[in-house]
Amino acid sequence: MNKEIRLEDFFPLIDEQLNSGGSAVLTIHGTSMQPFLIDRKDSVRLEKPSSTPKKYDVIFYRRDNGDFILHRIVKVKGGGFVCRGDNQVDDEFPVVAERVIGIVTQYNRGGDWKNMDCFSQRCFAFLWVNTMILRKIKRKIFSLFKVRRLK
0 MNKEIRLEDF
10 FPLIDEQLNS
20 GGSAVLTIHG
30 TSMQPFLIDR
40 KDSVRLEKPS
50 STPKKYDVIF
60 YRRDNGDFIL
70 HRIVKVKGGG
80 FVCRGDNQVD
90 DEFPVVAERV
100 IGIVTQYNRG
110 GDWKNMDCFS
120 QRCFAFLWVN
130 TMILRKIKRK
140 IFSLFKVRRL
150 K
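Numbering (numbering that gives the first Met the number 0), first residue to last: 0 to 150.
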């Protein structure tokens, strides 16, 4: 039986593991990275970045308010990274390098570990990030024509 533990409670262990050159595995909680990562079904393997994270990488970072976030880098700017969840339309900037805890090197779906740097994942990331405008337009159209229930 898997027990849920608050991330804040075991973050020091994750941080120590990553800083000593190891990796950490986390189960995804939340829908911001769908359809790429599924809430409570998929896991990710985190490692300390060996170099500066780049566009299309998925990073694990901590916001100023203490929230832990797993989002994709959609642009690199002088002041940091522009990040966005795959299921979101709003960007977050700046995410500074000092806030990055780890980078996703693999993900697990259905018991199979897949590398993030393989050709198919890089293609998916490229297409997903660069078609955001189409998803924004689709959301706008659906919101305009949304049928509202009468009470």
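For glycine and all other residues, C-beta sits at the position ideal for the given N, C-alpha and C.
Beta-carbon contacts of residue i that lie in its chain and below 7 Å, excluding the five residues immediately before and after
i, result
"K135", "V88"
"Y60", "I68, V94, R98, V99, I100"
Counterpart residues of residue i in DSSP-defined beta bridges
i, result
"R39", "Beta-bridge pairing links R39 to no other residue."
"T26", "S42"
"Q87", "Per DSSP, none; premise fails for Q87."
"L69", "F59"
"D111", "R108"
Contacting residues, own chain, Cβ-Cβ under 8 Å from residue i (five flanking each side not counted)
i, result
"M32", "V57, L69, H70, R71, G84, D85, N86"
"K54", "I72, V73, K74, V75, V128"
Nonlocal neighbours in the same chain, by C-beta distance under 6 Å from residue i, ignoring five residues either side
i, result
"V81", "V73, K74, D90, F92"
"L6", "F67"
"S19", "none"
"L25", "V43"
"V128", "V73"
"F35", "D85"
"S119", "none"
"T30", "D38, N86"
Of the residues the options, the one placed nearest residue i, counting alpha carbons only
i, options, result
"I37", "R5, I27, L45", "I27"
"R108", "D41, T30, I4, E3", "D41"
"A96", "F144, E3, S49", "S49"
Residue i versus residue j - alpha carbon distance
i, j, result
"K113", "Y106", "5 Å"
"F9", "L126", "35 Å"
"S22", "E46", "5 Å"
"N64", "L17", "22 Å"
"G78", "D116", "25 Å"
"R39", "G110", "13 Å"
"R121", "I132", "19 Å"
"F141", "E15", "46 Å"
"R138", "T104", "31 Å"
"F123", "P11", "33 Å"
Residue i CB to nearest heavy atom of the ligand FAD below 8 Å
i, result
"Q120", "Ligands in the displayed structure: none, and consequently the ligand FAD is not present."
Beta-carbon separation (whole angstroms), residue i vs residue j, contact threshold 8 Å
i, j, result
"P52", "I13", "About 17 Å separates the two Cβ atoms, so there is no contact after all."
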